[in-house]
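Worksheet: the structure to be examined is printed underneath.
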Amino acid sequence: MGRRIKKWWARKSEKEKEEYKQWVKDRSNIILGCFGLYGLILFIYYITHLETDPLTKRSRFIIFNKEQEKQLGKMVLEVHLEAHKKDLVPKTHPAYKRLLRVIEKILTANKDLKSIRDTHWTLTVIDTPLSNSYILPGGNIFVSLDILKIIENDDQLGIVLAHEMAHSLLSHSLETLSDQLLWDFLIAIPILLVWALFPDVAAAIIHFIGERIVNIMYKLPYSRILENEADEIGLRLASKACIDIREAVVFWATMRTLTEMHLLPPELPWISSHPSHADREKKLNEEMTKAIELRKDSGDEGISRIVGRPNDEISGSINIARFRRRNFFETYTKTTDIPVNDNLSQLGYAVTSGYYFDRDRSLYACADPGWDYVGQVAIINPDNNSMIARLWGTDIGEFFGASLATGDLNKDGLHDLVIGAPYWGNDNGRVHVYLGSPKEEFEAAVILEGASEDALFGYAVASGDLDGDGFSDIIVGAPWEESGVIYIYNGDASLKDKVRPVVSQRITMQSHGRNLPKGVDIRTFGFSISEPIDIDNNGLDNIQDFIEPIAIYATHDFTYNDSSAREFCKICPIESKSGKSKNAQTLLLPFDIGCGEDRVCNSNISARVKLLGVRENNSWVIGSNDITFEIHLENRAEPAYLTIIVFTFPEGIVLRSILPFCEEDTDGDNLIVICNVGNPLGMNEQKVVKLDLDMRHLTDSSLHGHILEFSTEIRTRSVNYGTHMIKSSLTLLSEASLLLNG
Numbered sequence: 001m002g003r004r005i006k007k008w009w010a011r012k013s014e015k016e017k018e019e020y021k022q023w024v025k026d027r028s029n030i031i032l033g034c035f036g037l038y039g040l041i042l043f044i045y046y047i048t049h050l051e052t053d054p055l056t057k058r059s060r061f062i063i064f065n066k067e068q069e070k071q072l073g074k075m076v077l078e079v080h081l082e083a084h085k086k087d088l089v090p091k092t093h094p095a096y097k098r099l100l101r102v103i104e105k106i107l108t109a110n111k112d113l114k115s116i117r118d119t120h121w122t123l124t125v126i127d128t129p130l131s132n133s134y135i136l137p138g139g140n141i142f143v144s145l146d147i148l149k150i151i152e153n154d155d156q157l158g159i160v161l162a163h164e165m166a167h168s169l170l171s172h173s174l175e176t177l178s179d180q181l182l183w184d185f186l187i188a189i190p191i192l193l194v195w196a197l198f199p200d201v202a203a204a205i206i207h208f209i210g211e212r213i214v215n216i217m218y219k220l221p222y223s224r225i226l227e228n229e230a231d232e233i234g235l236r237l238a239s240k241a242c243i244d245i246r247e248a249v250v251f252w253a254t255m256r257t258l259t260e261m262h263l264l265p266p267e268l269p270w271i272s273s274h275p276s277h278a279d280r281e282k283k284l285n286e287e288m289t290k291a292i293e294l295r296k297d298s299g300d301e302g303i304s305r306i307v308g309r310p311n312d313e314i315s316g317s318i319n320i321a322r323f324r325r326r327n328f329f330e331t332y333t334k335t336t337d338i339p340v341n342d343n344l345s346q347l348g349y350a351v352t353s354g355y356y357f358d359r360d361r362s363l364y365a366c367a368d369p370g371w372d373y374v375g376q377v378a379i380i381n382p383d384n385n386s387m388i389a390r391l392w393g394t395d396i397g398e399f400f401g402a403s404l405a406t407g408d409l410n411k412d413g414l415h416d417l418v419i420g421a422p423y424w425g426n427d428n429g430r431v432h433v434y435l436g437s438p439k440e441e442f443e444a445a446v447i448l449e450g451a452s453e454d455a456l457f458g459y460a461v462a463s464g465d466l467d468g469d470g471f472s473d474i475i476v477g478a479p480w481e482e483s484g485v486i487y488i489y490n491g492d493a494s495l496k497d498k499v500r501p502v503v504s505q506r507i508t509m510q511s512h513g514r515n516l517p518k519g520v521d522i523r524t525f526g527f528s529i530s531e532p533i534d535i536d537n538n539g540l541d542n543i544q545d546f547i548e549p550i551a552i553y554a555t556h557d558f559t560y561n562d563s564s565a566r567e568f569c570k571i572c573p574i575e576s577k578s579g580k581s582k583n584a585q586t587l588l589l590p591f592d593i594g595c596g597e598d599r600v601c602n603s604n605i606s607a608r609v610k611l612l613g614v615r616e617n618n619s620w621v622i623g624s625n626d627i628t629f630e631i632h633l634e635n636r637a638e639p640a641y642l643t644i645i646v647f648t649f650p651e652g653i654v655l656r657s658i659l660p661f662c663e664e665d666t667d668g669d670n671l672i673v674i675c676n677v678g679n680p681l682g683m684n685e686q687k688v689v690k691l692d693l694d695m696r697h698l699t700d701s702s703l704h705g706h707i708l709e710f711s712t713e714i715r716t717r718s719v720n721y722g723t724h725m726i727k728s729s730l731t732l733l734s735e736a737s738l739l740l741n742g
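Taking full-length UniProt numbering, I'd label the letters of the sequence shown as residues 1 to 742.
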């Protein structure tokens, strides 16, 4: 428009130009008034579209409503899906399942937020070389597979995803778009005047420089503010999901290190839309105290657990315990009454929980296998400790409810219940499968029966998605069938139609125990089964086992013809009928563990500890700086496998940040930190571990002279002829701080 005005002006004669100038001069007040009115209209429009964000309490300018956001999100999603149609990762990919699991964890923990419930969240995984994740309007999350190479664990993954979800909850995309439209109207007249008054080259330069100045002085800092805001709110979302939020600091420290090593593109913070990795690390560290408190206190009632007490007061009982998240120190319990009619009920023999009738309400299942000689299972609402449903057995003595398991067998979004009755029939045993339903009652699906007498099929049951198809599978133990058998039944949508599943796998000790030491006799295999979990992050549930030598089992048969043996071959070997020769052989292929022919690893680990940031003689002034606990390891002999360090810190001390190879536990008032430092810790290899300790909770000056005891234990699967335990201490001092003014 400015160029058109300039061309129009150039076509005018000098006389016409003078006339126009005089016309403008005569009406200058009116023109200035129009400009003022234009600005006033924009200002009124701005203040009338300000709203307060419910999460941050910050005023923001947004001109779009929720319906427009949905339409915008749908349109932008279609564009992105089309752009990445060749890069889309299928939903069966293990990474997709992993991401979905973490997202569902965050959503479930934050379902008290209306914005969480009202958003239709979607996940799209793309295989691109960019290590990136982002979110589109309307809750459409995009994650690149490449970013999973940088993320070390699910806690860091939760931090990243919670950050993106925070952008959506805070409507940052709508706010940015609204702000951009307002700026377009605000600078429209100045840009028009620049292109009208200056030559094209000069106008282009002024326009370019002006845009850069606006970007650097306003838009980029504004974008960095939104990123910091998403970091803060994302930290809150992750805290409520019981994610280890200290991993946020570790993640950005890793990003900073990778950038410094030139493995990631260099940062130019002042021309970047995102804060620098170092700034984010510092900012998140400052927010950590509040976030940790939120993590401890999230939820009104903390974490609920149901505990069975089948031998309590003869007939048994169950307790619902709620653990406050503050180090799990504060607990309270309340007993729930279930109808029993004899002293053999054994209420609480087995317990489990699930979302059977409603995706937003967790219920408890409690077994009473001795009830009325047939057994029953009660469904309990933990909110008011009331029983809302019951299931019971049909045959006397079948011990209905001896085992319980929960899983979404038909993939309808509701959990289903698996109940074992191992003494049914001639102790064949059977398993009942009940499907969850929004009708507030279970639907009987199928019954799986044991084929062998005295097998106790159903003595143990479990459920998990073993094949990655999205359907939970049924795992049944029959510990007295042969030496013990485990049966696998795959979940399927056909369970809704009461189609009985067939056995997909039969696991026995004969088929899976050949690598056991000679003479070892395993019996009652399948007596107990834990819930399958994904150990190796491949998206499939599995069970961990220590690495054993690879066993190769081979059999051979000789062709034998008694009538023509002489003609066949006079010098060929033949099978001895005396039974002294073997026609089967097990060959063990051991791993090269570098520990000599005896395959016994004799290590010698020396260790020394040091407290950094303290005074001489290991003394520390109460209320002063935080300290660092350092341990130096050196193995002077053969490799040490599965080496861990167990740190025990006294009450009042917490970690400022957690290392990626460490995890925390609690033992009463003490903090226990377990760090994996080597598998193996090789010969002559050294390892240094530094733990940053947060001392801010030690503020009581009456502790002057008190001695804090630290213990450090070195454990390994190898034989260690070196250090096993180190005791160290820290003396607390109280000093007055005086300030003189004069």
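Built from N, CA and C at the ideal position, the CB exists for glycine as well.
None of the values given here were measured: they were computed from a predicted structure.
Close beta carbons around residue i, own chain, < 6 angstroms, minus the five adjacent residues each side
i, result
"Pro680", "Pro639, Ala640, Tyr641"
"Val609", "Ile631, Thr712, Ile726, Ser728"
"Asp300", "Because Asp300 sits at a pLDDT of 42, beneath the cut-off of 50, its placement in the model cannot be relied upon, and the point is left open."
Assumed close pair residue i, residue j - CB separation to whole angstroms, cut-off 8 angstroms
i, j, result
"Ser171", "Ile135", "That pair is no contact at about 11 angstroms."
"Glu229", "Thr56", "6 angstroms"
"Pro369", "Tyr355", "Rounded, the Cβ-Cβ distance is 24 angstroms, inconsistent with contact."
"Leu633", "Val677", "6 angstroms"
"Ala421", "Phe400", "4 angstroms"
"Cys662", "Val646", "Contact doesn't hold; Cβ gap of about 10 angstroms is too wide."
"Leu733", "Val621", "5 angstroms"
"Val719", "Val600", "6 angstroms"
"Asn635", "Asn684", "7 angstroms"
"Ile63", "Leu181", "7 angstroms"
Beta-carbon spacing of residue i, residue j below 9 angstroms
i, j, result
"Leu409", "Asn381", "no"
"Trp183", "Met1", "no"
"Val433", "Ile488", "no"
"Phe442", "Ala389", "yes"
"Leu435", "Asp416", "yes"
"Ala455", "Gly491", "no"
"His163", "Arg224", "no"
"Ala367", "Ile419", "yes"
"Thr508", "Ala607", "no"
Minimum C-alpha distance to residue i - residue among the options
i, options, result
"Met695", "Ile151, Ile233, Ala405, Ile653", "Ile653"
"Ser619", "Thr731, Asn29, Phe357", "Thr731"
"Asn384", "Trp392, Arg361, Leu404", "Arg361"
"Val76", "Asn132, Gly138, Lys6", "Gly138"
"Phe710", "Asp669, Ala405, Pro650", "Pro650"
"Ser504", "Val476, Ser483, Ala637, Gly484", "Val476"
"Leu659", "Trp121, Asp155, Arg500, Ala493", "Asp155"
"Leu698", "Asp665, Leu391, Gly623, Leu671", "Gly623"
Contacting residues, own chain, Cβ-Cβ under 8 angstroms from residue i (five flanking each side not counted)
i, result
"Thr108", "Ala241"
"Thr628", "Leu611, Leu612, Gly613, Lys690, Leu691, Asp692, Leu693"
"Ile159", "Gly234, Leu235, Ala238, Ile243, Ile245, Glu247, Ala248, Phe251"
"Ile396", "Tyr373, Val374"
"Pro90", "Tyr96"
Rounded C-alpha distance that separates residue i from residue j
i, j, result
"Trp9", "Glu16", "9 angstroms"
"Leu50", "Ser178", "11 angstroms"
"Ala203", "Arg3", "9 angstroms"
"Tyr38", "Lys70", "31 angstroms"
"Ile30", "Ile41", "16 angstroms"
"Gly458", "Thr124", "40 angstroms"
"Arg359", "Asp412", "10 angstroms"
"Ile141", "Glu67", "19 angstroms"
"Arg325", "Ile292", "Its pLDDT being 41, under 50, Arg325 is placed unreliably in this model, and the value from its coordinates should be taken loosely. If you take the alpha carbons of Arg325 and Ile292, they lie about 10 angstroms apart."
"Leu226", "Lys97", "29 angstroms"
"Met217", "Glu19", "40 angstroms"
"Ser452", "Ala365", "29 angstroms"
"Ser173", "Gly36", "30 angstroms"
"Arg256", "Asn132", "15 angstroms"
CB contact below 9 angstroms: residue i versus chain B
i, result
"Leu264", "As a matter of chain content, chain B is missing from the structure shown, which is built from one protein chain."
7 angstroms CB neighbourhood of residue i in its chain, flanking five on each side removed
i, result
"Lys582", "Bear in mind that the predicted position of Lys582 carries a pLDDT of just 47, short of 50, making it unreliable; the figure below should be weighed with that in mind. So the list is empty, once near-sequence residues are dropped."
"Glu287", "Glu232, Leu235"
"Glu735", "Val621"
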